[in-house]
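Residue numbers (this note's numbering): 1002 to 1575.
Following this line, the structure appears as structure tokens:
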């Protein structure tokens, strides 16, 4: 994984400069895997995030804000009791492992000074956060409890003695010489990058492959030179936080020559980690919270797909309506050849003389006239059903398009968007409305996504149907520019200027493409027109509009550019 001992060292160095001597003002536990500490240091508040998410375990300063539960979990309450108001004395890494100790000096209920250590262990799905009493080396509590039945070698429960994770027998890269490093490797065995991971503490496959790449399978001296250069960078805390966007997005705090991909540099390790993980972690939280909605929408969509297939079968049969009318007319013209009891009759087809005679099936229990009427009645029934079926197919198709739109909005939803999506589903009858104890509760105005174009113009984006309708139908001026990805589900985008620059139109189109079903496409057509040309048809589903007098621009969705437009707005509004 990218978050190895080297990244941990960079984070600890950065946190030490930012937070040491700082006071812990607030403690929150937004989810069962995330902890947030507000630390006042150097005249500024910092949000320290500690996460034990099985896929995104990490710690760093964050700019993200998370929704906190109404009732704090037990672990959060215990932390508030013991370390709220305390001062951070030092932050240290255990060797080059992904284990961080945050030493805190606080006071107990009677005012006596106490020392506690908040321990962060980053171990994938086994990651944990523990609070340890320094004087007794006893675990006060942890975000995850590990009873003896689960791990008899290392119990993590309140009241247990804290035992460090077992050492892996690897060599410390900061204290060894280049000659020591070479002696650890067996050049005859090959797979030198794997040997480096197995022998050197804190080194992941990412940095091991980088060492092998820079050395180019060279001599011992070449490997010594490459290792010595990396070792010096780590000793001097000379970091270059970078995200690499290839087939697989990765990050690291040292420049990796072995990865040939688009690079984005960051001013700090925390900024890099916050950007890399925050979207992924939020998407994971949203996915957990919306699993029931997604299944509902998927089931409704599948139901409509099946409905269309069934209607199409009926439609095929209805296409034969004229055939029944034709037989009824032929029977009427040849009534003298038919008598009750006949099962079939052969008659001349006056409409197609080349075909000659045709054979018509009869009901022997009906008179000739009744048989003719039977064919006319079938014709009328099929003709009528065709009209109904065509309407039903259109309704089901519209429903599928609406559901696709909601599914797309779920895939890009932020946590604050979920309540609006649920309200819409309640209004449309997909889920049952909850009976609110608060009467006439005022509805909050939809919170739109805001960006700033290169010419200084504000660009607004709706992330769900409530926001789209509010933006297009109520907030936007009729002379503003409205944009939407062409013929696919996506966000409504409005440029708050009737005469924006071509560059800003392209930037707004980029946002419309990015927040659409074609986000991953290389080229996306985006329509734009004046707001006055956009109309919602009477009785249409939420978010659905029609428009005219549009122009089309083709853009390639780019996450880096989207983020820069967001940062430009944040800088503008701060």
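Positions of the beta carbon are idealized from the N, C-alpha and C atoms, including for glycine. As the structure is a prediction and not an experimental result, all values here were calculated from the model.
Classification of residue i by the beta-carbon crowding that lies within 10 angstroms, buried from 16 upward
i	result
residue 1252	buried
residue 1087	buried
residue 1458	buried
residue 1296	exposed
residue 1312	buried
residue 1068	exposed
residue 1212	buried
residue 1369	buried
residue 1019	buried
residue 1352	exposed
residue 1047	buried
residue 1059	buried
Short Cβ contact (8 Å threshold) for residue i with residue j
i	j	result
residue 1462	residue 1511	no
residue 1131	residue 1157	yes
residue 1501	residue 1428	no
residue 1242	residue 1214	no
residue 1489	residue 1453	no
residue 1515	residue 1563	yes
residue 1104	residue 1118	yes
residue 1345	residue 1362	yes
residue 1009	residue 1101	yes
residue 1219	residue 1174	no
residue 1228	residue 1277	no
residue 1318	residue 1407	no
residue 1339	residue 1350	no
Neighbourhood of residue i by C-beta distance below 8 Å, restricted to the same chain and skipping five residues each side
i	result
residue 1367	1341, 1375
residue 1415	1283, 1287, 1464
residue 1336	1369, 1370, 1373
residue 1320	1387
Boundaries of the alpha helix (DSSP H) in which residue i is found, first to last residue
i	result
residue 1312	1292-1319
residue 1182	1179-1184
residue 1075	1075-1084
residue 1509	1503-1515
residue 1324	1322-1334
residue 1469	1466-1470
is_contact[residue i, chain D] using C-beta, thresh 8 Å
i	result
residue 1289	In summary, chain D is missing from the structure at hand, where a single protein chain is found.
Per DSSP, the bridge partner or partners of residue i
i	result
residue 1346	1361
residue 1042	1045
residue 1448	Residue 1448 pairs with nothing; no bridge assigned.
residue 1063	1048
residue 1172	1201
residue 1552	1529
Element boundaries [beta strand (DSSP E), containing residue i]
i	result
residue 1396	First-last for residue 1396: 1369-1412, but that is the alpha helix (DSSP H), not the beta strand (DSSP E).
residue 1141	1139-1143
residue 1106	1100-1108
residue 1265	1263-1266
residue 1252	1250-1253
residue 1133	1129-1134
Beta-carbon contacts of residue i that lie in its chain and below 7 Å, excluding the five residues immediately before and after
i	result
residue 1290	1419
residue 1513	1484, 1485, 1486, 1491, 1492, 1494, 1527
residue 1275	1061, 1063, 1064, 1065
residue 1030	1036, 1073, 1074, 1076, 1077
residue 1135	1116, 1117, 1118
residue 1546	1473, 1535, 1536, 1537
Neighbourhood of residue i by C-beta, 6 Å cutoff - its chain only, sequence neighbours within 5 removed
i	result
residue 1024	1041, 1088
residue 1022	none
residue 1256	1241
residue 1477	1495, 1532
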